[in-house]
């Protein structure tokens, strides 16, 4: 069975791998912000609560998981994507 995380053999390979993992994180954040409600919840749980996979993905992307989560927490505090989605579907009174 192949390993999920492989070691890059050259500096160029390392940069490509790093950008790939950054794209995974960006995609997850986009899902959290603007995906269907079910996927928003899954993405939010992954971004904020996962203690095994997400930290490894951040490390592979060259990011500090704690710092990223702090930034996402600030974003969530100013504009909770799930709350905003719920307001969009509720009738205005």
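Residue numbers (the numbering used here): 2 to 94.
Backbone N, C-alpha and C define an ideal beta-carbon position, used for all residues, glycine too.
Keep in mind it's a predicted model, so treat the numbers as computed, not measured.
Cβ pair residue i, residue j closer than 7 Å
| i | j | result |
| --- | --- | --- |
| residue 33 | residue 48 | yes |
| residue 58 | residue 25 | yes |
| residue 15 | residue 29 | no |
Reduced DSSP category for residue i - H, G, I as helix; E, B as strand; rest coil
| i | result |
| --- | --- |
| residue 53 | coil |
| residue 80 | coil |
| residue 15 | helix |
| residue 10 | coil |
Close beta carbons around residue i, own chain, < 8 Å, minus the five adjacent residues each side
| i | result |
| --- | --- |
| residue 92 | Here the model assigns residue 92 a pLDDT of 48, short of 50, so the residue's position is not dependable and the matter cannot be decided. |
Run of the alpha helix (DSSP H) containing residue i, from where it starts to where it stops
| i | result |
| --- | --- |
| residue 65 | Unbroken run through residue 65: none, as it is neither H nor E. |
Own chain, CB closer than 7 Å to residue i, minus 5 neighbours either side, in chain order
| i | result |
| --- | --- |
| residue 94 | Residue placement at residue 94 cannot be trusted, given a pLDDT of 41 that sits under 50; what the coordinates show is reported in the next sentence. Answer for residue 94: no residue qualifies. |
Residues of its chain near residue i, where Cβ-Cβ distance is below 6 Å and the 5 sequence neighbours each way are ignored
| i | result |
| --- | --- |
| residue 87 | Only weak support is given to the placement of residue 87: the predicted model assigns it a pLDDT of 49, under 50, and the question is left unresolved by the model. |
On the three-pair Cβ rule with 8 Å, is the region 13 to 28 touching the region 62 to 75? yes
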